[in-house]
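Read through the structure below, which is laid out as structure tokens, and then see the notes.
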Amino acid sequence: MTRTLQRWLSAFVVLFLLSSLAQAASQTALVQLVEYVGADYINAVQDGTIVSDEEYAEMEEFSRLLHEGIGQLDDVEGRDTLLEQAAALQQAVAGKAPEAEVKALAQSIRGTLVDVYGIPVMPKAAPDMARAAEVYQSTCALCHGAEGRGDGPAGAALEPAPTDFHELARYEGRSLLGLYTTITGGVEGTGMAAYEETLSEADRWALAFYVGSMAVTPDMAASGKTAINNEQELKTALTLDAVIAKAPEDVRNQLGDEAYDAAGYLRTEPQALFSQNRFIEISDGKLSEAEQAYAAGDTGAARAAALSAYLDGFEMIEQQLSAVDPAVMRGIERRFMAVREGIERGLPQAEVSDRVAQARAGLQEAEDILSGDGLSATATFSASFFILFREGLEALLIIAALLTFTRKADAKTATRYIHYGWILALAAGIATWYVASTLINLSGATREITEGVAGIAAAVILFYVGFWMHNNSQSQKWLGYIKNKVDSALDGGTVWALAVVSFISVYREMFETILFYQALWTQVTAATQSYLFYGFGAAVVALAVVCVLIFRIGMKLPLGLFFKATSLVLLVLSVILLGKGVAALQEAGILNARYLPLPTIEWLGFFPTIQGALAQAAAIVLAVLMWLRSRGQVKSS
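Mind the numbering: the sequence shown is residues -24 to -1, 1 to 613 in mature numbering (1 follows the signal peptide of the UniProt record, and there is no 0), read in order.
Right, dumping it as structure tokens:
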């Protein structure tokens, strides 16, 4: 592996881990732009005549920025349509088109953005509407008025005038996501300030729901409540993502008047969107939709619904379930993948229906497990301990082995690079937690893809380092350098590889650990929260003991034996991480999955699919061939 390739790999991994966050942020900004154009164009142009030069200049700028921003998004299926729609909007603004035309174009762009890119931004818990009312009066009423009608005393001098949240046309054209991003970032050139620094994320989401529901009449809310309680299809369609990202007009155009009322009701009563039962209902409904689509011969729609059943439903409670009973979680997860596998293989309808029934039975089992009053003190301690110990052990084995090796070699430069790698990984993990907790919400697919790519990248580089160690364990010349403790025995390329291994190994485990602890926190009560910290502390102590043992044993082993043992450990870990990476990409729907009649062995990274087993088998065969080749070279030298 050349130095250039190693640096490229490290850059690729870091950029990939950050790109999903950047993409999500840019998508929400585009939603804000297009909604602002659609809602405020009437203040710039009326009957083909400019009524405000400032507003019109803003419409021209925003429509241009929208087109440029879409051009910078990932080139996926549907982006060309978005670019065409954005160009049409820009031309409509330039041509002073009627408001209805501009509004229709804006709605189309917003809907396409949501459909193509998902927009993975949502509140972490149900907004507190009582708290929102207090924040509104102290923060917003001065401009928007005590009742939100845009008639506050400080708003009279503002241009454009503050929004009247009771105006039906504005209500229909604004999504909760658009309101949230406006509250967060403000609107440049207007009186709308940014509240990212002064209001918490929870308060900003609560405000978005609060002002976004002001136009919902009691009759609309009552009708919507009845509809969503009586119609399973509405529960399935009005997911949290849909209610957050779609404007009421979009909901009505796509799903009808009852859905329009139901979306209004969910804005007034957001608690209904956040129950675990709701995610189970969504998952159940999507499974039913997949079964029906498959029976109708629409394999594409069936696969999309089956994937949505996992990512939009079960995956949202997966971490909570894993914190309570990881074996049950894995079993249900496997049932979901079996449904997708059956659809992809074109199995008979009866067999696919049977797999759907098994997955739905698993959902009921999950609901029963999660419907208790929280974990006991013992269960909280055990879950907390094993989460950190299990996730940290892999990273610790890698880092400790590498540091033992560089210390035996007195390779100070390499030792520093390894420390840089894991310290940077800790910082990146904390940054990921902060961003995922305060700025955006990582979608199920994003989490799985990030875990998958990080796992495979770590496996590739670990494989290289492990084989490199094995190869040099046969070299008397190289061992001579080590015995003389010459730091330059390591070339620059290898030092980079060690740093990248250090970073990826720790970051991947931190990423998973953060998700697990966030989920575990939702399962503990006030009386058992302290046991979560006790379990965490015990795991830290246990990992420290393991680390000391590795150092002591490693430093006492003869160089050749140490190299061989360490190379074997790294090669085994590379196979484990490869299996986990493939499994994560299968869960995200990136890779197909065909199951084998074998048990899951998670600690070996063995998830019994043909694709995962072949990948791991290929890595093992390659390692054996390279090992045999290196032995042959040593004997002939």
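Backbone N, C-alpha and C define an ideal beta-carbon position, used for all residues, glycine too.
Where Val600 falls: helix, strand or coil (DSSP) | Three-state result, Val600: helix.
Hey, could you find the ends of the alpha helix (DSSP H) Cys523 is sitting in?
-> Per DSSP, the unbroken alpha helix (DSSP H) holding Cys523 starts and ends at 505 to 532.
Beta-bridge pairing of Val21 - partner residues as DSSP gives them = Looking at the DSSP output, Val21 sits in a beta bridge with Ile26.
Does DSSP classify Ile577 as helix, strand or coil?
-> Collapsing the DSSP output to three states places Ile577 in a strand.
For Ser114, is the classification buried or exposed, using 16 other Cβ atoms within 10 angstroms of its Cβ as the cut-off for buried?
-> Under this definition Ser114 is an exposed residue.
Does the separation of the CB atoms of Trp398 and Ser481 fall below 9 Å?
-> For Trp398 and Ser481, yes; Cβs fall inside 9 Å.
Given Ala223 as reference, the closest of Leu537, Tyr147, Tyr241 once Cα atoms are compared | Of the listed residues, the one whose Cα sits closest to Ala223 is Tyr147.
Please list, in chain order, all residues of the same chain as Ala404 whose beta carbon is under 6 Å from its beta carbon, the five residues on each side excluded.
-> The answer, listed in chain order, is Tyr483.
Identify every residue that forms a DSSP beta bridge with Tyr571.
-> DSSP output for Tyr571 lists Thr585 as bridge partner(s).
May I have the straight-line CA-CA distance separating Asp233 from Glu245, to the nearest angstrom?
-> One C-alpha to the other measures close to 19 Å.
Residues of its chain near Ser358, where Cβ-Cβ distance is below 8 Å and the 5 sequence neighbours each way are ignored | Take Ser358, set aside five residues on each side of it, and the residues of its chain with a beta-carbon closer than 8 Å to its own are Gly511, in chain order.
Quick one, are the C-beta atoms of Ala221 and Ser284 less than 9 Å apart?
-> Using a Cβ distance threshold of 9 Å, Ala221 and Ser284 do not count as a contacting pair.
Asp140 in three-state terms, based on DSSP = Here DSSP, grouped into helix, strand and coil, assigns Asp140 to coil.
At least three beta-carbon pairs within less than 8 Å, the region 544 to 556 to the region 357 to 375 | Output reads yes: the region 357 to 375 touches the region 544 to 556.
What's the gap between the Cα of Gly162 and the Cα of Glu341?
-> Cα-Cα distance, rounded: 45 Å.
Got a sec? Which residues, its chain only, sit under 7 Å from Tyr396 by beta carbon, not counting five neighbours each side?
-> Excluding residues within five positions, the ones whose Cβ falls inside 7 Å are Ala475.
Spatial distance of Glu317 from Tyr571 (CA atoms) = Approximately 8 Å, taken between the alpha carbons.
Supposed contact pair Thr202 and Ile258 - C-beta distance, whole angstroms, cut 8 Å = That belief does not hold up - the Cβ atoms of Ile258 and Thr202 are roughly 19 Å apart, past 8 Å.
Taking 9 Å as the cut-off, decide whether the C-beta atoms of Leu81 and Ile46 are in contact.
-> Cβ distance not < 9 Å, so Leu81 and Ile46 don't count as in contact.
When DSSP labels each residue in this structure, what does Thr166 get in the three-state scheme?
-> Reduced to three states, the DSSP call for Thr166 is coil.
So, are the CB atoms of Phe479 and Leu598 less than 9 Å apart?
-> Cβ atoms of Phe479 and Leu598: not closer than 9 Å.
Under a three-way DSSP split, which group does Asp237 fall into?
-> Correct three-state label for Asp237: helix.
Is it the case that the Cβ atoms of Glu294 and Glu309 are separated by a distance below 9 Å?
-> A contact, by the Cβ cut-off of 9 Å.
Alpha carbon to alpha carbon, what distance is there between Lys556 and Thr380?
-> When rounded, the distance between both Cα atoms is 26 Å.
Excluding the 5 residues preceding and the 5 following Asp463 in the sequence, name in chain order all residues of the same chain whose CB lies nearer than 7 Å to its CB.
-> Note on Asp463: pLDDT 47, under 50, position unreliable in the model; no value is reported.
Can you check whether the CB of Met313 is closer than 9 Å to the CB of Gln592?
-> No.
Just mark Thr382 as buried or exposed, buried being the case when its beta carbon has 16 or more other beta carbons within 10 Å.
-> Looking at its Cβ environment, which holds 16 or more other Cβ atoms inside 10 Å, Thr382 is buried.
Nearest CA to the CA of Gly240: which residue from Gly14, Ala68, Leu144?
-> Among Gly14, Ala68, Leu144, the Cα nearest to that of Gly240 is on Leu144.
Output the distance between the C-alpha atoms of Ala62 and His43, rounded to the nearest integer angstrom.
-> Roughly 5 Å separates the two Cα atoms.
Should Val551 be labelled buried (16 or more other beta-carbon atoms within 10 Å of its own) or exposed?
-> Residue burial is scored here from C-beta neighbours: Val551 has at least 16 other C-beta atoms within 10 angstroms and is therefore classed as buried.
Residue closest to Ala15, alpha-carbon to alpha-carbon, out of Thr158, Ala197, Ser298 = Measuring C-alpha to C-alpha distances from Ala15 to each of Thr158, Ala197, Ser298 identifies Thr158 as the nearest.
Residue from Ala559, Gly289, Asn568 with nearest C-alpha to Ile577 | Closest option to Ile577, Cα to Cα, is Ala559.
Straight-line Cα distance separating Ile363 from Phe582 | Taken atom to atom, the span from the alpha-carbon of Phe582 to that of Ile363 is near 19 Å.
By the 10 Å Cβ neighbour count, where 16 or more other Cβ atoms means buried, how is Ala326 classified, buried or exposed?
-> With fewer than 16 Cβ atoms within 10 Å of its Cβ, Ala326 is classed as exposed.
So, are the CB atoms of Asp301 and Ile345 less than 9 Å apart?
-> Ile345 sits close to Asp301, with the two beta carbons spaced by under 9 Å.
Three-state secondary structure (DSSP) of Ala593 | Note: Ala593 maps to helix in three-state DSSP.
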